Amino acid sequence: IFPDTVFSCYADSITLTASGNGSYLWNTGDTTASIIVSPFDTTLYYVEVISQYGCIDTATAIINVNPPSFVYITGADQICNGDSTVLTANGPSGATYQWWGDMTDTLQSITVSPTNTAIYFVTATLNGCVSDTDSIIVNITYLYASIIGDTVLCRGDTAYLTALEGSYFLWSTMDTTQTIAIFPDSNTIYWVSATWDTTISPTCSILLPDTITVMVFDNPIANAGTDTTFCIGSSVTIGGTPTASGGDSS
Numbered sequence: 028i029f030p031d032t033v034f035s036c037y038a039d040s041i042t043l044t045a046s047g048n049g050s051y052l053w054n055t056g057d058t059t060a061s062i063i064v065s066p067f068d069t070t071l072y073y074v075e076v077i078s079q080y081g082c083i084d085t086a087t088a089i090i091n092v093n094p095p096s097f098v099y100i101t102g103a104d105q106i107c108n109g110d111s112t113v114l115t116a117n118g119p120s121g122a123t124y125q126w127w128g129d130m131t132d133t134l135q136s137i138t139v140s141p142t143n144t145a146i147y148f149v150t151a152t153l154n155g156c157v158s159d160t161d162s163i164i165v166n167i168t169y170l171y172a173s174i175i176g177d178t179v180l181c182r183g184d185t186a187y188l189t190a191l192e193g194s195y196f197l198w199s200t201m202d203t204t205q206t207i208a209i210f211p212d213s214n215t216i217y218w219v220s221a222t223w224d225t226t227i228s229p230t231c232s233i234l235l236p237d238t239i240t241v242m243v244f245d246n247p248i249a250n251a252g253t254d255t256t257f258c259i260g261s262s263v264t265i266g267g268t269p270t271a272s273g274g275d276s277s
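At position 10 of the sequence shown the residue is numbered 37 (the numbering used here), and the sequence of numbers has no breaks.
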């Protein structure tokens, strides 16, 4: 039989071929010269070759099956925006690993910091035998800062903007307080980024920025009309038109 000694992986397909003139009878029940086997354990195969004169010769072959390789991933599948997690491939002692997907590596443990939902795959190889693939999807939790305050002002007025979430703040004005005073001269977009003190919110401490647009309008100028002189007891109509949009003459 060729080959007569084989080292294979779990459930691999192996072709065994017997030689000699005559008919064949394998211990598998097959009667062809070549057979394909896929053993799950180390297995002995033998074949009888029967000549046309009834003479019998026997040959054997042994297939040594390595234990099946395996792998599974441990690590967080949900992290906060800006955070990282360690993913570990767990396989048989002495195995080597291959990661792919959103990161390629050959270490047993990898540190990942995805900014969007990501998927990672890994296989383990031992004695040339490759495991089935395991995978993990890492999802990202996004938390946002939020701003409240007046969004419509008259030119020269002062307004206050407040960030509702977080412990530490940075505004587009470079202020670092939770509430800021603004007095824009024109339409202005303000933003704030914030983080939580980890003793208050140990998870998802980094908040994505929020923005707010403040609209500034010109102040109307009152106009009661032209000066008029009239006699006592007479009546006169007065009135004018404001010079800025949004005003009225009441």
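Glycine residues also receive a C-beta, built at the ideal position from the N, C-alpha and C atoms. All values derive from a computational prediction rather than experimental measurement.
Per the DSSP calculation, residue i is bridged to which residue(s)?
i	result
Val-113	Thr-138
Glu-192	In DSSP, Glu-192 forms no bridge with anything.
Asp-278	Since the first residue of the chain shown is 28 and the last is 277, residue 278 is not available in this structure.
Cys-107	Thr-168
Met-242	Val-179
Asn-91	Phe-34
Ser-162	Phe-148
Val-219	Trp-198 and Asp-237
Ala-208	Tyr-187
Excluding sequence positions up to five away, which residues of its chain have a Cβ less than 6 Å from the Cβ of residue i?
i	result
Val-179	Met-242
Thr-69	Asn-91 and Val-92
Ala-151	Ser-96, Val-98, Gly-118, Ala-122, Tyr-124 and Ser-158
Thr-132	As written in the sequence, residue 132 is Asp, which differs from the Thr given in the question. Within the same chain, Asp-132 has close Cβ partners Trp-126.
Ser-65	Ala-38 and Ser-40
Phe-34	Asn-91
Phe-29	Thr-44
Nearest to residue i by alpha carbon, out of the options?
i	options	result
Phe-148	Ile-63, Gly-121, Thr-160 and Thr-138	Thr-160
Asp-245	Thr-226, Asp-212 and Phe-257	Asp-212
Pro-236	Gly-109, Asn-117 and Thr-185	Gly-109
Leu-191	Ile-259, Thr-253 and Trp-218	Trp-218
Pro-94	Thr-131, Gly-155 and Ala-88	Gly-155
Gly-193	Ser-232, Met-130 and Thr-256	Ser-232
Cys-36	Thr-85, Leu-153 and Thr-133	Leu-153
Tyr-195	Thr-203, Thr-185 and Ser-120	Thr-203
Met-201	Thr-185, Ala-221 and Ala-186	Ala-221
Thr-138	Ser-173, Ile-174, Thr-101 and Tyr-169	Thr-101
Ile-175	Ser-261, Asp-184 and Thr-189	Thr-189
Ser-162	Thr-55, Asp-177, Met-130 and Asp-184	Met-130
Thr-177	Thr-206, Thr-226 and Glu-75	Correcting the residue identity first, residue 177 is Asp in this sequence and not Thr. Answer by Cα proximity: Thr-206.
Gln-105	Tyr-169, Thr-226, Thr-42 and Asp-254	Tyr-169
Rounded to a whole number of angstroms, what is the C-alpha to C-alpha distance between residue i and residue j?
i	j	result
Asn-48	Ile-62	17 Å
Trp-53	Ser-46	12 Å
Ser-26	Tyr-80	A query on residue 26 cannot be resolved here, the shown segment of the chain reaching from 28 to 277 and no further.
Arg-182	Thr-215	12 Å
Thr-256	Ile-209	46 Å
Ala-186	Cys-107	33 Å
Ser-199	Pro-141	26 Å
Ile-259	Ile-248	30 Å
Thr-240	Leu-134	48 Å
Thr-58	Ile-83	14 Å
Val-76	Thr-42	17 Å
Ser-262	Asp-184	39 Å
Asp-224	Ser-120	41 Å
Phe-67	Ser-78	33 Å
Asp-254	Thr-264	11 Å
Leu-197	Thr-226	20 Å
With residue i and residue j assumed to form a contact (beta carbons below 8 Å), what rounded beta-carbon distance in angstroms separates them?
i	j	result
Ile-146	Gly-128	5 Å
Ala-88	Thr-32	7 Å
Thr-85	Tyr-72	Between Tyr-72 and Thr-85 the Cβ distance is about 11 Å, and since that is not below 8 Å, they are no contact.
Among residues of its own chain, excluding the 5 on either side of residue i, which ones have a beta-carbon nearer than 8 Å to its beta-carbon?
i	result
Ser-136	Val-113, Leu-114, Thr-115 and Ala-116
Thr-144	Ile-164, Val-165, Asn-166 and Ile-167
Ser-173	Ala-190, Leu-191, Glu-192 and Asp-237
Thr-55	Ile-62, Val-64 and Tyr-72
Ser-111	Thr-138, Val-139 and Ser-140
Ala-60	Thr-44, Ala-45, Ser-46 and Tyr-51
Quick one: what's got a C-beta closer than 7 Å to residue i's C-beta in the same chain, skipping five residues either side?
i	result
Tyr-171	Leu-234, Leu-235 and Asp-237
Measuring only between beta-carbons, confirm whether residue i sits less than 8 Å from chain C.
i	result
Asp-254	This model lacks chain C altogether; it includes just one protein chain.
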